[in-house]
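Here's the structure we're looking at; comments come further down.
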Amino acid sequence: MTSDEIRPAIRAKHSGIALVAAMIFIAIFMAVSAGMLSMSSTNIQSAANHRYANSALNAGLSGLEVARYHIQQAPVIETYSNTVSVEEADRMWHGANGQGGLFGRLKSVSLGGKADKQNFADNQGVGQEIVTGFVPFTKPGNAQGNAWAWGLRRRGNASFQLRFFRYEADPFTVYVHSIGRDGEGNETITRTIEMKWLIAKQSSVLSYAVASRGRIWVEQGTVVHGPLFSTWNRPEISAGIQTSDDTIVHGTINTVISLEALQDNGIQMETLDENNQPVFDEDGHRVYSSEDTIQGQHEGINYDVPFSSDMPGMRPEDYDTREYKDQCALIGNYDYTVTEYFPYAEGDYTQPKSSSSFRYTRRVYDNRTLNNVRVPQGQHALFKNCTFEGILFIETRSNYYNSASYTNNIRFEDCTFNGVIVTDVPSSTNHYSWWMRNALTFTGHSIFENTSHIQEATVLAPNFNVNIGSTAQV
142 MTSDEIRPAI RAKHSGIALV AAMIFIAIFM AVSAGMLSMS STNIQSAANH RYANSALNAG
202 LSGLEVARYH IQQAPVIETY SNTVSVEEAD RMWHGANGQG GLFGRLKSVS LGGKADKQNF
262 ADNQGVGQEI VTGFVPFTKP GNAQGNAWAW GLRRRGNASF QLRFFRYEAD PFTVYVHSIG
322 RDGEGNETIT RTIEMKWLIA KQSSVLSYAV ASRGRIWVEQ GTVVHGPLFS TWNRPEISAG
382 IQTSDDTIVH GTINTVISLE ALQDNGIQME TLDENNQPVF DEDGHRVYSS EDTIQGQHEG
442 INYDVPFSSD MPGMRPEDYD TREYKDQCAL IGNYDYTVTE YFPYAEGDYT QPKSSSSFRY
502 TRRVYDNRTL NNVRVPQGQH ALFKNCTFEG ILFIETRSNY YNSASYTNNI RFEDCTFNGV
562 IVTDVPSSTN HYSWWMRNAL TFTGHSIFEN TSHIQEATVL APNFNVNIGS TAQV
């Protein structure tokens with residue numbers, strides 16, 4: 142057999158093998174294609190669900206922005222108290238006589254076409270809720286209107302609904318649920334986001350344990366639970382805040398004076414290194430120098446703290462103390478008088494610190510229990526071993542005048558305060574003498590434990606110089 146005769150037989154054999162192999166591959170590819178088609182269908186559904194979920198979440202987040210805007214636009218009310226009463230919280234919630242408040246705001250804008258107020262109950266308690274309609278996103282919007290555009294890829298089916306609610310047991314807390322949703326038919330996905338708001342007085346000064354326009358002295362083992370803040374800005378005279386080595390401030394010490402201004406006047410509040418950073422020893426303890434005006438324990442000093450004259454809580458017009466005064470009767474007869482100076486020499490109240498010290502004839506009340514009394518201006522009383530219940534009201538002229546007859550410089554020695562101390566509100570002044578004329582000085586062992594029905598303050602003395610725990614010179 143020649144080679145030409147052999148070739149056709151070989152070709153026939155190879156063709157049969159190729160045909161069988163091709164049939165096998167076709168069968169395999171058909172099976173793989175069917176599997177891939179099934180997987181693609183599942184992936185498409187998963188992608189759709191993921192897109193719906195993200196879109197619903199974005200809608201919910203956008204709803205919170207809208208809720209935030211309308212809460213901030215709701216009418217506010219003024220109060221001269223440091224705390225908000227239940228009645229005031231109710232007015233912030235639903236207004237007065239159906240007008241104002243958060244409900245009035247939501248009713249006027251009618252998000253989603255409604256703002257329904259109704260009672261509810263859940264496992265946390267009973268309360269009241271305000272529910273809006275669903276706000277669709279068929280076109281871009283913003284928080285000032287009815288919607289917020291969360292991105293360029295908005296979906297026509299995405300929307301949010303807002304639910305504002307509060308519990309009867311806690312009328313000062315408002316919760317917001319923003320329910321975002323997206324999807325089609327029975328495949329709608331929702332996401333709910335919660336935000337909590339407190340109904341409280343807007344007053345930055347309330348974040349401090351002690352805040353003063355004048356100088357602050359913390360002496361004689363005094364413990365302050367919170368930060369100190371002084372707007373005193375006379376570095377050529379002093380740093381404005383001073384503590385002794387046996388005191389503790391559980392918070393920061395804050396001054397409006399810059400570090401550079403203090404250094405220019407040779408004043409040192411704390412020991413700093415060459416980089417103006419606090420110095421600590423190898424055990425992590427703060428290093429003190431005799432030149433430091435802050436000697437006691439604290440959690441750091443903040444210099445050049447921003448302050449504006451209209452800071453809420455630091456303006457005389459923020460306070461109206463007349464309602465406290467109206468509850469008090471004129472204090473009775475005093476026991477005797479003594480002559481003292483302010484500022485006084487170290488350890489001796491009867492000697493002046495300098496030629497600029499003021500001389501005061503003090504009416505002394507010794508070992509008394511006093512309840513709801515007021516001290517007339519010009520008395521400059523000295524209370525020794527006294528216990529105070531209710532309100533102690535200190536009078537002074539509202540329009541400041543540099544005179545002992547129209548001011549009140551009061552000293553307390555070894556007294557217990559079961560109530561509150563409240564003063565008239567003298568006008569702000571740049572006169573050099575104001576801090577020496579209207580002043581409250583607590584010496585010896587002072588105990589403050591306010592058990593009265595007035596809980597918004599322990600000492601409410603706007604534009605008064607307050608010195609706590611001081612028997613040294615001031």
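Residue numbers for the sequence shown follow this note's numbering, so the first one is 142 and each next one is one higher.
We treat Cβ as the ideally placed atom computed from N, Cα and C, and that holds for glycine.
Quick check: residue i and residue j, are their CB atoms within less than 9 Å of each other?
i	j	result
Trp575	Tyr547	no
Val315	Leu205	no
Val600	Ile562	yes
Gly367	Gly392	yes
Ala428	Asn395	Going by the sequence as given, residue 428 is Val instead of Ala. No.
Ala352	Pro376	no
Ser568	Pro457	yes
Thr478	Arg504	yes
Phe448	Arg578	no
Ile609	Glu440	no
Gln438	Ile389	yes
Met455	Arg356	no
Cys556	Phe583	yes
Phe305	Val276	no
Phe553	Leu511	no
Glu481	Tyr501	yes
Gly321	Ala200	yes
Leu252	Leu303	yes
Leu215	Met233	The question names Leu, but residue 215 in the sequence shown is Ala. Yes, they are a contact pair.
Asn508	Glu530	no
Ala522	Tyr475	yes
Ile408	Ser379	yes
Lys255	Phe244	no
Arg538	Leu471	no
Ser565	Gln518	Looking at the sequence itself, residue 565 is Asp, so the reference to Ser does not match. It is a contact, given that the beta carbons lie within the stated cut-off.
His211	Val272	no
For residue i, list the residues DSSP reports as bridge partners.
i	result
Glu530	Asn512
Asn260	Gln269
Gly489	Note that residue 489 is Asp in the sequence shown, not Gly. Bridge partners of Asp489: Ala486.
Ser430	Note: Ser430 sits in no beta bridge, so no partner.
Tyr506	Phe524
Ala470	Val514
Arg481	The question names Arg, but residue 481 in the sequence shown is Glu. The partner list for Glu481 (beta bridge, DSSP) reads Tyr501.
Ile357	Ile382
Tyr316	Phe306, Lys337
Pro277	Ser300
Gln438	Ile389
Pro419	Leu413
Val217	Answer by DSSP bridge pairing: none, since Val217 is not bridged.
Val364	Ile389
Gly254	Gly254 pairs with nothing; no bridge assigned.
Thr369	With the sequence shown as reference, residue 369 is identified as Leu, and Thr is not the correct amino acid for it. Answer is Val351, Ile394.
Asn608	Trp358, Thr582
Asp323	Ile330
Starting from residue i, trace the beta strand (DSSP E) in both directions and tell me its first and last residue.
i	result
Met233	Where Met233 is concerned, there is no enclosing beta strand (DSSP E), although the alpha helix (DSSP H) it sits in stretches over 227-235.
Ala310	From DSSP, Ala310 is part of no beta strand (DSSP E); its letter is neither H nor E.
Val351	351-353
Val446	Neither: Val446 is in no beta strand (DSSP E) and is coded neither H nor E.
What first and last residue would you give for the alpha helix (DSSP H) that runs through residue i?
i	result
Lys337	From DSSP, Lys337 is part of no alpha helix (DSSP H) but of the beta strand (DSSP E) over 330-339.
Ser249	242-250
Tyr465	463-466
Just to check, is the beta-carbon of residue i closer than 8 Å to a non-hydrogen atom of the ligand MG?
i	result
Gln436	This structure lacks the ligand MG; in fact it carries no ligand of any kind.
> At which residue ranges does the region 541-606 contain complete beta strand (DSSP E) runs of 3 or more residues, listed in the order of the chain?
Replying inline: With a minimum length of 3 residues, the continuous beta strand (DSSP E) runs that stay inside the region 541-606 are 550-554, 561-564, 580-584.
> How about the region 411-428 and the region 368-383: do they share at least three Cβ pairs that are nearer than 8 Å?
Replying inline: With a cut-off of 8 Å, the region 368-383 and the region 411-428 do not count as touching, because too few Cβ pairs lie within range.
>> Within 8 Å, do at least three Cβ pairs link the region 321-340 to the region 574-591?
In response: They do not touch, by the three-pair rule.
> Which runs of the beta strand (DSSP E) fall wholly inside the region 372-404 and span at least 3 residues, in chain order?
Replying inline: Restricted to the region 372-404, the beta strand (DSSP E) segments that are unbroken, complete and at least 3 residues in length are 382-384, 394-396, listed in chain order.
> Between the region 458-467 and the region 480-491, are three or more C-beta pairs nearer than 8 Å?
Replying inline: Cβ pair count under 8 Å is below three, so no.
> Is the region 298-315 touching the region 259-278, taking contact as three or more C-beta pairs under 8 Å?
Replying inline: The answer is yes - the region 259-278 touches the region 298-315, with three or more Cβ pairs under 8 Å.
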